[in-house]
Each structure stands twice: as C-alpha cells, then as structure tokens.
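S.K.:
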Amino acid sequence: MFEIVLLAALFLYVADIFWLQRGLLRCFPFQQRFFAEQPSSVPALPFVTVVVAARNEEKNILPCIESLSRLEYPHDKIEIIIVDDRSTDTTSGIVSTFIASLSHFKLLRITQEGKQTHGKANALAVALDEARGEIFMFTDADCTVSPLWVKTTAEQFQNDVGIVGSYTLLTARNTFEGIQSLDWLMHFTVSAAMAGHQLPITVIGNNFSISKKAYNAVGGFRGIPFSVTEDYALVQAVLKTKKYNVRFLVSDETLIRSYPCATWKEIYRQKQRWGVGALDMVSEGIIVIGIGYVAHLLFLFGFFFSSLPFLLSLFGIKFLADIFLLRKPLSEFRGRTLLKHFLAFEVYYYVYGLIFPLIVLFTKKVTWKERKF
Numbered sequence: 142m143f144e145i146v147l148l149a150a151l152f153l154y155v156a157d158i159f160w161l162q163r164g165l166l167r168c169f170p171f172q173q174r175f176f177a178e179q180p181s182s183v184p185a186l187p188f189v190t191v192v193v194a195a196r197n198e199e200k201n202i203l204p205c206i207e208s209l210s211r212l213e214y215p216h217d218k219i220e221i222i223i224v225d226d227r228s229t230d231t232t233s234g235i236v237s238t239f240i241a242s243l244s245h246f247k248l249l250r251i252t253q254e255g256k257q258t259h260g261k262a263n264a265l266a267v268a269l270d271e272a273r274g275e276i277f278m279f280t281d282a283d284c285t286v287s288p289l290w291v292k293t294t295a296e297q298f299q300n301d302v303g304i305v306g307s308y309t310l311l312t313a314r315n316t317f318e319g320i321q322s323l324d325w326l327m328h329f330t331v332s333a334a335m336a337g338h339q340l341p342i343t344v345i346g347n348n349f350s351i352s353k354k355a356y357n358a359v360g361g362f363r364g365i366p367f368s369v370t371e372d373y374a375l376v377q378a379v380l381k382t383k384k385y386n387v388r389f390l391v392s393d394e395t396l397i398r399s400y401p402c403a404t405w406k407e408i409y410r411q412k413q414r415w416g417v418g419a420l421d422m423v424s425e426g427i428i429v430i431g432i433g434y435v436a437h438l439l440f441l442f443g444f445f446f447s448s449l450p451f452l453l454s455l456f457g458i459k460f461l462a463d464i465f466l467l468r469k470p471l472s473e474f475r476g477r478t479l480l481k482h483f484l485a486f487e488v489y490y491y492v493y494g495l496i497f498p499l500i501v502l503f504t505k506k507v508t509w510k511e512r513k514f
C-alpha cells in the first residue's frame, strides 16, 4: 500500500518537473522573441545604471570591475556605481585606482547606517538616489559579468516588463564546489521556469535589473519593509502592484559568474539568509517547492516501509528527472562537466531539502558580512 503512495508522490514530482520545463523553455532568447510583441521600430539604447555594493571585498572586487569595464555598451549611455559599504579593508582604494581614468565609473562611500534601510539595502538605496539611468542593474562584488550583459538585458525592457533576471553560475574545481554550482543552477532554473509561466516568485540579486519606473512605483528600497534578502522583497513589492511583468533569460550573453562558499558554515549562513527572506513566498512558489518536499519526505519513510530495490528505482527516476530539468541550462552555459558531480549533488539536495526548511522556521537570526539582523 505504501508503495502506491510513493509512486503517486513520484508521479507528482515528475509532473512538476515537466511543468517547470515548459516554463523554462520560454526563457530562452529565441522563445522570448517568439512570445514577445515585436516593436514597430528598433528602440534607442536606454541609459543604464549598474550598481555594485561592496563590503570588505578586496579579494574579489578587481575582477568584478575589470569585467564591467569590458561591457559592450556606449559609455555615454551607462554609469557604473561602486558603493563601498563601510569596508575595513582596501576595497575602496582598489576601486579608486582602477576607475581613475574611467569617466563612466563612480565610487560612493557609505559612512553610516540609514534611518529607513539597513545593510546592503541602504547601500543600494544611496546609490540609486544619484542614479541617472532608465534601467537599474545590479550585481555583486564577487561576480564577473559577460560583455553583452547590459545590452542583452536592456533589450528586454519593452512594453510592461519591469524586472529582468538571469543566471549566475559558480566556478567548480572540485565536488564540493560542483555541488554548490548545481544547487545554484537548480535555484535559478526553478525561478526562471516560474517566470516563464507568468508566475514569478523572485529573481536573484547578483543578476537583477529593474526599470526606474517600477523601482519608484514601490518607493524603492526605502519604501519596502526591511528584509535580509532585499532583492526578493523588492521583486515582491513590484509584483503586488500588478503593473509590471518579470522576464527571466536563459542566455550565455547575460550569464554572470561567481565563486562558491569556502566552507559548510558559509553555505549554512547563505542558505539561512535566503530561507528567512523567503518566508512570505507567494502561494505558487510554495506549491512547487512543497511538492518536492513532500516527495522527499515520503521517500524517507520508504526506507522503513518499502523494499530497497523499489526505493532505489524511485530515486533513479528522480535523478533522471532532475537532470532533464537542468539539461538545457547546462548546455547553454557549456556546463555539462558539472554532471560528474550530480550524484553527490542529489544526496546533498535530498538531505538539505528535508532539513533546512525546519531550520529556517526556528532560527531567524541572520549573520551576513559581519552583521547580525
């Protein structure tokens, strides 16, 4: 009898994967062009503001700003603002030296906490007070961007599109890093698929763009309640206005690369911050994630109430379903070498998926960038 329950859970899980796959396919550039209403004329390039908030990033900031300096976008149509959020290392000096001869770069220094905003949200809000762009684009100081990141993203802001997201992929030199890279790939893929179904739940702040109109419509970062995941909170506020759509791109042109966490403790803190920030997730997201959680939970009981060969066959089908969902992004980003870490990722994904929701419910204090929230 319990094996019938397990089969039903697996069926729902696989059906969920196929449904997500349908949404994901709409996020590829050729599908974006097919579904989008084509403009009668080629629009002029908008003025874009790129913002990077940095706190104690002396080890990472130089590759970031070097990649930003190689963006293929007219310098008279872009400004790049680096915000030093009260760093205690040499971040500010590195930026100052590099941008000295680059007129489209600007360095801002945060000297005190804001009254309405805190942490990274305050740094971003201060930068956007001075921003001149029609489109605001964000990435992190430990990221490097693709040369066409701005141009390809800016092209998406047509009609009522107010938010655009895309992927960030982590470097992977070993299995520990490969697990993290696949974890991020899964996270971004679910977000992209939901947006493809016009049921967006979020975009991720290290590859996130918003129109000035959408940003101002909710009062910016100062107009929303404080959150440890300021990107998620801003997206949710914009969605609640019901005036703007979200577009998510699966494209190598908009791919950003970043670095994995060095320790399990760092992963824990990162995941806890994301989990606490997403506690008020919209119902569509809860349903999609809930199907996976229930399936994982029932599989756990299967160790006690089912035969091992039967259970292993279910895990095998789940394994193939997860690969099926990620195969298109892996191909687009030339990341198929990550598949050698997939079995280790599946073990991590199963254990983490069961345990972490419970941890988030009972530990809501977050430590991030030497700050406690």
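Letter by letter, the sequence shown follows residues 142 to 514 of my numbering. Heads up, the beta-carbon is just placed ideally off N, CA and C, and yes, glycines get one too.
1. For the 8 Å Cβ check, are there 3 or more pairs between the region 188-205 and the region 273-281?
2. Report, in whole angstroms, the separation of the C-beta atoms of Asp301 and Lys384, which I expect to be a contact under 8 Å.
3. On the DSSP bridge assignment, give the partners of Gly433 in chain order.
4. Do Thr343 and Ser332 have their C-beta atoms closer together than 9 Å?
5. Could you tell me the distance, in whole angstroms, from the CA atom of His216 to the CA atom of His245?
6. Is the separation between the beta-carbon of Ile304 and that of Asn201 shorter than 9 Å?
7. Compare the Cα-Cα distances from Ala355 to each of Thr285, Glu394, Cys402, Glu275 and report the closest residue.
8. So Phe143 and Ser447 are in contact, right, with Cβ under 8 Å, and what is the actual spacing, rounded?
9. Tell me whether Ile251 sits in a helix, a strand or coil according to DSSP, three-state version.
10. What does the alpha-carbon distance come out to for the pair Ser208 and Pro366?
11. Let me know the secondary structure DSSP gives Cys585 once reduced to three states.
12. Give me the residue from Phe474, Val492, Gly443 with the minimum Cα distance to Ile145.
13. Which runs of the alpha helix (DSSP H) at least 4 residues long sit entirely within the region 185-258? Give them in chain order.
14. Within 10 Å of its beta-carbon, does Ala272 have 16 or more other beta-carbons around it, so buried, or fewer, so exposed?
15. Assess, as a yes-or-no matter, whether the region 233-244 is touched by the region 148-162 under the definition of 3 or more beta carbon pairs within less than 8 Å.
16. In three-state terms, what does DSSP make of Met278?
17. Quick one, are the C-beta atoms of Glu199 and Ile235 less than 9 Å apart?
18. Less than 9 Å between the C-beta atoms of Leu479 and Gly319, yes or no?
19. Can you find a CB in chain D that lies within less than 9 Å of the CB of Phe159?
20. Can you check whether the CB of Phe456 is closer than 9 Å to the CB of Asp393?
21. Report all residues from its chain with a CB closer than 8 Å to the CB of Leu439; omit the five preceding and five following residues, and keep chain order.
22. So Ile251 and Asp226 are in contact, right, with Cβ under 8 Å, and what is the actual spacing, rounded?
23. Kindly give me the distance between the Cβ atoms of Gly476 and Leu310, rounded to whole angstroms, as I take these residues to be in contact under 8 Å.
24. Can you tell which of Arg398, Ile222, Thr285 has the C-alpha that lies nearest to the C-alpha of Leu265?
25. Which residue's Cα is closest to the Cα of Tyr490: Asp463, Leu161, Thr293?
26. Residues in the same chain with beta-carbon distance under 8 Å from Gln543, minus the five sequence neighbours each way, listed in chain order, please.
27. Tell me the rounded alpha-carbon separation between Leu461 and Arg468.
28. Is the distance from the Cβ of Ile397 to the Cβ of Ser287 below 9 Å?
29. On the three-state DSSP scale, how would you describe Ser447?
M.R.: The structure says:
1. yes
2. That pair is a contact at about 7 Å.
3. Gly433 is not bridged to any residue.
4. yes
5. 6 Å
6. no
7. Glu275
8. 6 Å
9. strand
10. 33 Å
11. The first residue shown for the chain is 142 and the last is 514, placing residue 585 beyond what the model contains.
12. If we check each option's Cα against that of Ile145, Gly443 comes out closest.
13. As far as the region 185-258 is concerned, its whole alpha helix (DSSP H) runs of at least 4 residues are 202-210, 232-240.
14. buried
15. no
16. strand
17. Yes, the Cβ-Cβ distance between Glu199 and Ile235 is below 9 Å.
18. yes
19. Going by chain labels, chain D is absent from the structure shown, which holds only one protein chain.
20. no
21. Within the same chain, Leu439 has close Cβ partners Val146, Leu147, Ala150.
22. 5 Å
23. 6 Å
24. Ile222
25. Asp463
26. This structure cannot settle anything about residue 543, because the visible part of the chain is limited to 142 through 514.
27. 10 Å
28. yes
29. coil
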